[in-house]
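In mature numbering (1 follows the signal peptide of the UniProt record, and there is no 0), the protein residues as written are -22 to -1, 1 to 354.
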């Protein structure tokens, strides 16, 4: 959805609708502690292992899964590899018997809340710890923020779509009492999954899979192309056009399942559009001090991608339009925005994820990798 401003985490702001109606996509079902082999066996290859009661869904560009938190059942939470916290929308959290009131309040701050990368959220919360269950995996003492009802204005949000958001980084949630409080940290620290691994596969057929504890190689082609990352999944890399021409080097790139489009600095966006020989226009909009758009013929989408390891993975041509303006004129899904609090940020979101398997992996002590492969 958006980027967690002060922790340099990625956001879940998704920028272009994936579907006009909610869709569902099965995932594995597990009970209690699961090994890599068990999880891999259960991970969904949708044609082989359909499970009607275990689903990840997409709605208006966000991907969701269903979680039980305390006595709140079936909460539909946005899946966000770009942020840390579990945030439950106002009046939805019902404390369970194991609930602990941390006695702390604060504000989560997110960026790129809208489909073009603009917009921000300031989510006021009261902190708790409680049990949290997903597909039979029950985390004890999970940190969460119960959001407060606050007024919103254009470009400024105070809550999320559906029931809330779950951050999927491994960064310590430093503003809450438990420093192991991110959901993945909890799953891994409590040894509910082994290895400590998350996989996301979002297909062109509007189905998707989330795998925990294994790389589900039945879903993707060939080996994963990998590179080192930080615990918040930040990497470095290159912006590439036409398969080989490097436009810019990124110092802090987030592959963010929450951001709907792709956001780079304004200078990089101008250089990209110039190299592609398409029109570049700077505008001022709600939630953005400035944004650079590119306009291209809809029937000739450019080839733009990002290098991961030794391979370049392009935005699929079918995903390159942020908007169809008519008369064969489309707005590029890549936009230019300068974040004053994080000048090096690139946010690579859902438009790029489509058709790929993204692997987020902690191996050993503090070794983190990000990997990509094309879906079968």
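Ideal Cβ positions, reconstructed from N, Cα and C, are used throughout, including at glycine.
Helix, strand or coil for residue i? Go by DSSP, reduced to three states.
i: residue 357; result: Within the shown structure, residues of the chain are numbered from -22 to 354, placing residue 357 beyond reach of any answer.
i: residue 185; result: coil
i: residue 344; result: coil
i: residue 167; result: helix
i: residue 27; result: Here the model assigns residue 27 a pLDDT of 26, short of 50, so the residue's position is not dependable, and the following value carries that caveat. Coil.
i: residue 258; result: strand
i: residue 235; result: coil
i: residue 162; result: helix
i: residue 9; result: Interpretation of residue 9 is limited by its pLDDT of 33, a score under 50 that renders its predicted location unreliable; no figure is taken from the coordinates.
i: residue 285; result: strand
i: residue 296; result: helix
i: residue 225; result: strand
i: residue 334; result: strand
i: residue 276; result: coil
i: residue 351; result: strand
For residue i, which option in the options has the closest C-alpha, if you only look at C-alpha atoms?
i: residue 58; options: 245, 341, 176, 320; result: 176
i: residue 322; options: 94, 223, 245, 67; result: 245
i: residue 41; options: 190, 128, 186; result: 186
i: residue 48; options: 196, 122, 275, 342; result: 122
i: residue 130; options: 78, 265, 237; result: 265
i: residue 81; options: 61, 290, 103; result: 103
i: residue 97; options: 351, 326, 317; result: 317
i: residue 250; options: 213, 217, 228; result: 217
i: residue 37; options: 141, 324, 74, 133; result: 141
i: residue 326; options: 337, 283, 287; result: 283
i: residue 117; options: 291, 270, 159, 262; result: 159
i: residue 270; options: 252, 280, 286; result: 252
i: residue 288; options: 194, 262, 221; result: 221
i: residue 192; options: 339, 39, 354; result: 339
i: residue 126; options: 105, 114, 132; result: 105
i: residue 307; options: 276, 194, 99; result: 276
In the DSSP assignment, find the beta strand (DSSP E) that holds residue i and state where it starts and stops.
i: residue 310; result: 307 to 310
i: residue 207; result: 203 to 207
i: residue 247; result: Counting along the chain, residue 247 falls outside any beta strand (DSSP E), though it belongs to the alpha helix (DSSP H) covering 244 to 254.
i: residue 104; result: 98 to 112
i: residue 211; result: From DSSP, residue 211 is part of no beta strand (DSSP E); its letter is neither H nor E.
i: residue 43; result: 40 to 47
i: residue 55; result: 50 to 58
i: residue 144; result: 142 to 145
i: residue 87; result: 78 to 89
Is residue i near residue j, with beta carbons less than 8 angstroms apart?
i: residue 111; j: residue 45; result: yes
i: residue 207; j: residue 71; result: no
i: residue 188; j: residue 348; result: no
i: residue 426; j: residue 145; result: No information on residue 426 is available, as it lies outside the stretch -22 to 354 that the chain covers here.
i: residue 67; j: residue 239; result: no
i: residue 196; j: residue 143; result: no
i: residue 293; j: residue 274; result: no
i: residue 350; j: residue 165; result: no
Just to confirm the assignment, what range does the alpha helix (DSSP H) spanning residue i have?
i: residue 69; result: No alpha helix (DSSP H) contains residue 69, which DSSP labels as neither H nor E.
i: residue 329; result: 328 to 331
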